[in-house]
Each structure stands twice: as C-alpha cells, then as structure tokens.
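Residue numbers (our numbering), protein chains in the order written: chain A, 5 to 345; chain B, 3 to 217. Working notes, beginning with the structure itself.
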C-alpha cells in the first residue's frame with residue numbers, strides 16, 4: 005500500500021496494511037545530512053534533498069515542505085536573525101509595534117517574498133520525486149501563531165482584550181496570508197496542508213477566545229484549501245487542547261495532531277469520528293532510549309487499534325538533537341505491529 | 003469599594019479598575035500592606051489553584067498579572083510602602099532571584115509571567131532578559147548574593163546551557179543558590195537531566211518551590 009493511500013484510508017477509518025507513521029522531522033533532516041540548518045532553511049533544493057534522504061532512511065509516511073515559524077512573518081516584512089548557523093532563526097524586528105496598525109501590513113506574494121519561493125521550490129521538488137508514493141506535506145502557520153510572529157505574543161494577548169476589533173482584523177489578515185501561501189503550496193504539489201497553530205492552544209488562550217476568534221478563521225482557511233484542489237487538511241495545535249478538541253471538527257480539517265499533554269484516550273473520546281495523530285513526548289527523542297520510544301509507541305498502537313483513525317507520531321516536531329536510533333524505534337513499532345497481525 | 007473588589011478585578015484582568023479601587027482605598031486610609039496581602043496576593047493565590055499544567059492559560063494569567071503589577075506599581079509610585087508595610091518586608095523579606103531566558107532562546111513570555119508572579123509575592127527580581135549566557139546569570143547571582151537563579155526556554159537546543167549553570171555556580175563558590183528551570187522545552191525534561199534543583203510546570207509551581215525551599 006502506498007503511503008498516501010494508507011493515510012487517506014486511515015483518515016476515512018478504512019482498513020490499511022499498517023498504521024501510518026509521521027515523524028515530525030523537519031530541521032533534524034539537515035542534521036542527519038550534516039548540512040548547516042541555515043542552509044537547509046534557505047535552499048529549496050537542499051531542504052528537499054534532506055527530506056527525501058530522511059524519508060528513505062527511516063521509511064515513515066510523508067515528506068514535509070516546512071522551514072521555520074518565522075518564514076511567513078519574514079515574507080510579510082519582519083526582520084529575522086540567526087544566533088547560529090545551526091539553529092532556527094527568531095524574529096529580530098516585528099512588523100507591528102501596535103496592533104491597531106494592522107492596516108499597514110502588506111499581503112505577501114508567495115512567488116516573490118522572503119523565503120516563500122524557497123519553500124515552493126522544495127515542495128515542487130518533493131512532489132516530482134515522490135509522485136503519489138508518499139504524502140508531500142506543506143506547512144503554514146495558523147492565524148493566531150502568525151499574528152504572534154507579526155507583533156509578539158505578549159502584545160497580541162493584551163490586544164485580544166484591549167483592542168478586540170483590531171485583533172479580529174489582524175486575524176483576518178493572517179488568515180488571508182495563510183490561504184494565499186497554502187494555495188501556492190497546493191499548486192506546487194502538496195497533498196496535505198498542515199496548519200501549525202500552537203498559539204491557539206489552551207496553554208495560551210482560553211476556549212472562549214478560540215471559539216469566538218480563531219475557529220471562524222480556521223474554518224475559512226480550510227474551506228479555501230478544499231476549494232482549490234483536494235488536499236488533506238491537517239490541524240496541528242500543540243500544547244494543551246483538551247477543552248477545545250470537541251470544536252476541532254468544525255474547522256473542516258481531516259486530521260488533528262494531539263500533543264503529549266493530552267492523553268490519547270481523551271482525544272479519542274472527544275474526537276470519536278475523526279482521525280488523530282500523536283503523541284510521544286518530543287524530548288524523549290533526545291533523552292529517551294530506543295526501547296522506551298518503542299514501548300510508548302506500542303502502547304499507543306494497542307490503545308488505538310480497535311478504533312482505527314490513528315497515525316503514530318511525536319506530539320510535535322522532534323528536536324534537532326534527537327537520536328537517530330529513537331526515530332528508528334518509532335518506525336519499527338508499526339512494522340512490528342504488522343508482524344504481530 | 004473593598005479590598006475584595008481589587009481581588010476580583012485582578013482575577014478578571016481588569017487592570018484599570020483594580021488601580022482605581024486601590025486609589026480610592028488608599029485615599030480612604032487603607033494600608034497598602036492590606037491591599038497587597040488581602041488583594042494582590044489573595045488574587046494570585048486564587049489563580050495558583052486554578053493554574054495547573056492542565057488548566058494553565060497564558061491569556062488569563064497575563065491579564066491578571068498585569069492588573070496585579072499595575073496595583074503594586076501604583077503603590078510603589080506613590081511611595082506608600084516605605085516603612086514596615088513594605089511589600090518585601092511583608093512577604094518574602096526581599097529574597098532575590100536572578101531570572102533569564104537561557105542562551106539560544108529569544109522567547110521571553112514564560113520568564114515575564116514568572117517574574118510577575120514572584121514579584122507579586124514580594125521577591126526581588128533581576129530580569130537579565132533573553133539569550134542570557136549562563137556565566138552572566140551566575141555572575142549576577144554572585145554579585146547580588148541571590149537566593150535563586152531561574153531560567154526559561156521554549157527550545158530544546160538550549161538544554162546544554164541550562165546544564166552548565168550548576169557547574170559555573172559551584173566554581174564561583176555559590177553552593178546554596180537554588181536553580182529553577184521552566185518553559186515548554188525544559189518541562190519535558192527533569193531536574194537530574196538538567197542539573198538543576200527544580201523543574202517547574204507552571205509559574206506558580208516555581209513559586210511554591212521557592213517558598214518551600216525557604217522554610
């Protein structure tokens with residue numbers, strides 16, 4: 005069974021040859037190839053090469069066109085900085101100083117601005133190389149997270165209460181930006197649009213703010229993606245999400261990432277008819293032993309076996325310092341389950 | 003208007019109202035110490051109970067923290083707590099904490115929340131900012147004779163710098179300073195791995211550790 009078919013069938017709760025496994029391997033693939041992370045983040049060719057090599061080496065289901073959380077903000081005008089050639093960049097200068105100035109923001113052109121063209125190039129190469137063999141995942145920042153990258157999370161949070169209309173309008177802007185970039189990734193070959201919005205978790209905002217402000221924007225974005233092809237839509241809100249899980253189906257996404265803070269049993273209970281993926285603690289890939297990862301993966305597979313609609317993965321991106329043996333253990337767990345079957 | 007109203011205004015994050023009530027009460031003769039202990043600290047205690055790792059919400063905590071700090075800043079700006087009613091005297095006798103986001107990370111929000119929580123409980127905080135070298139943290143702790151060093155990080159690549167703090171502190175002769183770590187990346191690890199005294203799940207969890215280790 006091809007990876008892409010395995011994922012599609014799992015999302016529909018249909019039988020598959022084995023449980024799909026996502027690695028959440030992004031920058032870590034450059035470490036394996038011994039390429040400086042900064043080079044990986046600035047070259048579509050290198051990014052695609054590292055992703056392809058990691059995919060071939062470990063055998064998980066999917067390759068990812070994703071650079072870093074600053075990419076969209078940079079394309080909109082934020083200044084980024086690297087502390088080190090082997091670390092992710094951070095925002096050195098935000099686009100906005102005051103949330104009321106959202107009108108001054110300019111919509112990015114994915115073919116021209118910042119490193120968006122780099123990501124589109126990576127996406128095109130990945131799709132050309134893998135065809136329909138495995139899933140090409142294109143990642144965009146969610147409306148809340150991108151807003152935080154434009155003004156800084158503290159100012160954004162105070163803005164919710166102090167200037168709610170401007171906050172709403174800023175989310176309108178970020179949603180349009182993520183729609184434009186997501187559509188460009190679909191056009192470049194992405195099978196899956198992965199919306200990453202950690203700032204929308206209950207660790208940051210409460211259920212009321214999520215429901216009133218973020219949810220309508222997520223709906224709008226996923227509807228736009230679905231209207232421009234047939235991408236699988238994947239919502240990834242890391243952190244604590246238990247209280248907002250029942251609202252997730254309203255977003256229109258097909259698949260929901262569950263971070264390690266939410267027990268998988270809770271996610272299954274709150275999302276009985278939707279596909280979920282998760283949720284091994286990312287730090288375990290640095291500090292844990294392969295046997296522990298394998299045991300945790302086996303437990304998750306056992307727990308979700310009768311339900312179906314489950315993709316094994318870490319709760320979030322695995323750290324750059326992860327051990328190769330731990331990634332191997334994650335993938336091995338699904339292969340072993342296949343043998344047991 | 004009573005101190006209970008200040009407490010409630012802080013809990014709901016209404017900073018302007020909290021300060022307005024504080025002004026009215028001070029004019030009416032209420033002691034600042036009463037406002038701090040029965041208003042600010044009580045409000046923070048309420049949030050402490052609510053704020054577990056499952057229930058933690060940055061939005062609510064930041065708004066309440068801003069309201070609490072605005073009340074405290076007003077009381078200080080007025081020069082009110084200069085005697086035995088001093089905030090520091092009333093609570094933790096000016097215990098000192100050196101705080102920073104560790105080298106390699108630029109995220110300050112967790113650190114800032116922690117700063118608000120411990121300041122509202124009377125600790126003297128020296129905030130070293132973000133991307134702070136462990137040597138600088140220890141040097142400042144040495145100069146200020148600090149009781150605690152607290153570091154925060156959201157990214158795992160900083161772990162090595164966190165593990166260095168203890169050794170640098172020992173080399174400098176700081177044998178009793180307590181080292182606390184927090185933040186999304188460090189929370190996934192443990193005190194032994196990070197070579198610190200405590201890994202806090204939340205700002206209040208860190209505060210409780212500090213209070214316990216004083217007694």
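Quick reminder that beta carbons are idealized off the backbone N, C-alpha and C, glycines included.
Alpha helix (DSSP H) segment containing residue i, residue limits
i                     : result
residue 17 (chain B)  : 17-29
residue 214 (chain B) : 205-216
residue 187 (chain A) : 168-191
residue 294 (chain A) : 294-308
residue 72 (chain B)  : 60-79
Spatially closest choice to residue i from the options, by CA coordinates
i                     : options                      : result
residue 100 (chain A) : A:221, A:83 and A:48         : A:83
residue 53 (chain B)  : B:13, B:102 and B:190        : B:13
residue 15 (chain B)  : B:70, B:29, B:59 and B:25    : B:70
residue 177 (chain A) : A:88, A:153, A:255 and A:16  : A:153
residue 247 (chain A) : B:59, B:102, B:126 and B:141 : B:59
residue 224 (chain B) : B:97, B:132 and B:79         : Here chain B comprises residues numbered 3 to 217, so residue 224 (chain B) is not present and cannot be evaluated.
residue 191 (chain B) : A:110, A:80 and A:285        : A:285
residue 102 (chain B) : B:78, B:129, B:140 and B:187 : B:129
residue 134 (chain A) : A:193, A:91, A:81 and A:148  : A:193
residue 167 (chain B) : B:143, B:187 and B:22        : B:143
residue 312 (chain A) : A:7, A:8 and A:20            : A:20
residue 187 (chain B) : B:17, B:201 and B:171        : B:201
residue 260 (chain B) : B:98, B:165, B:11 and B:116  : Summary: the structure shown does not reach residue 260 (chain B), with chain B confined to residues 3 through 217, and so no result is reported for it.
Rounded separation between residue i and residue j - CA only
i                     : j                     : result
residue 164 (chain A) : residue 171 (chain A) : 6 Å
residue 279 (chain A) : residue 64 (chain B)  : 34 Å
residue 266 (chain A) : residue 94 (chain A)  : 28 Å
residue 262 (chain A) : residue 213 (chain A) : 20 Å
residue 347 (chain A) : residue 174 (chain A) : In the structure as shown, chain A begins at 5 and stops at 345. Residue 347 (chain A) is therefore absent and cannot be evaluated.
residue 252 (chain A) : residue 22 (chain A)  : 26 Å
residue 186 (chain A) : residue 40 (chain B)  : 52 Å
residue 245 (chain A) : residue 207 (chain A) : 8 Å
residue 161 (chain A) : residue 202 (chain A) : 14 Å
residue 232 (chain A) : residue 190 (chain A) : 8 Å
residue 208 (chain B) : residue 49 (chain A)  : 45 Å
residue 159 (chain B) : residue 180 (chain B) : 23 Å
residue 87 (chain B)  : residue 44 (chain B)  : With a pLDDT of only 44 at residue 87 (chain B), under 50, the local geometry of the prediction cannot be trusted, and the value read off the model is given with reservation. Straight-line Cα distance between these residues: approximately 17 Å.
residue 297 (chain A) : residue 338 (chain A) : 12 Å
residue 200 (chain A) : residue 112 (chain A) : 18 Å
residue 142 (chain A) : residue 225 (chain A) : 14 Å
residue 18 (chain A)  : residue 182 (chain B) : 48 Å
residue 258 (chain A) : residue 72 (chain A)  : 23 Å
residue 33 (chain A)  : residue 288 (chain A) : 17 Å
residue 121 (chain A) : residue 149 (chain A) : 21 Å
residue 75 (chain A)  : residue 194 (chain B) : 36 Å
residue 322 (chain A) : residue 45 (chain A)  : 16 Å
residue 18 (chain B)  : residue 127 (chain B) : 24 Å
residue 111 (chain B) : residue 154 (chain B) : 9 Å
Partners in chain B for residue i, counting only beta-carbon separations shorter than 8 Å
i                     : result
residue 286 (chain A) : 158 and 190
Start-to-end residues for the beta strand (DSSP E) that takes in residue i
i                     : result
residue 98 (chain B)  : 98-103
residue 94 (chain A)  : 94-97
residue 236 (chain A) : 236-240
residue 262 (chain A) : Segment: none, residue 262 (chain A) is in no beta strand (DSSP E) and carries neither H nor E.
residue 85 (chain A)  : 83-85
residue 220 (chain A) : First-last for residue 220 (chain A): 219-231, but that is the alpha helix (DSSP H), not the beta strand (DSSP E).
residue 68 (chain A)  : 67-69
residue 55 (chain A)  : From DSSP, residue 55 (chain A) is part of no beta strand (DSSP E) but of the alpha helix (DSSP H) over 48-62.
Chain B contact residues for residue i, given Cβ-Cβ distances below 7 Å
i                     : result
residue 94 (chain A)  : 108
residue 206 (chain A) : 59
residue 290 (chain A) : 158
Whole-number beta carbon distance between residue j and residue i, since they are thought to touch under 8 Å
i                     : j                     : result
residue 5 (chain B)   : residue 37 (chain B)  : 6 Å
residue 29 (chain A)  : residue 58 (chain A)  : 5 Å
residue 3 (chain A)   : residue 335 (chain A) : In the structure as shown, chain A begins at 5 and stops at 345. Residue 3 (chain A) is therefore absent and cannot be evaluated.
residue 219 (chain A) : residue 254 (chain A) : 6 Å
Partners in chain A for residue i, counting only beta-carbon separations shorter than 7 Å
i                    : result
residue 65 (chain B) : 165
Interface partners of residue i on chain B, CB under 9 Å
i                     : result
residue 240 (chain A) : Ordered by position in chain B, no residue passes the 9 Å Cβ test against residue 240 (chain A), which lies about 15 Å from the chain.
residue 261 (chain A) : Those do not exist, as residue 261 (chain A) stays about 15 Å from chain B at its closest Cβ, beyond 9 Å.
Interface residues of chain A facing residue i [CB-CB closer than 8 Å]
i                     : result
residue 62 (chain B)  : 210
residue 195 (chain B) : 291
Within chain A, partners of residue i - CB distance below 9 Å
i                    : result
residue 15 (chain B) : 165
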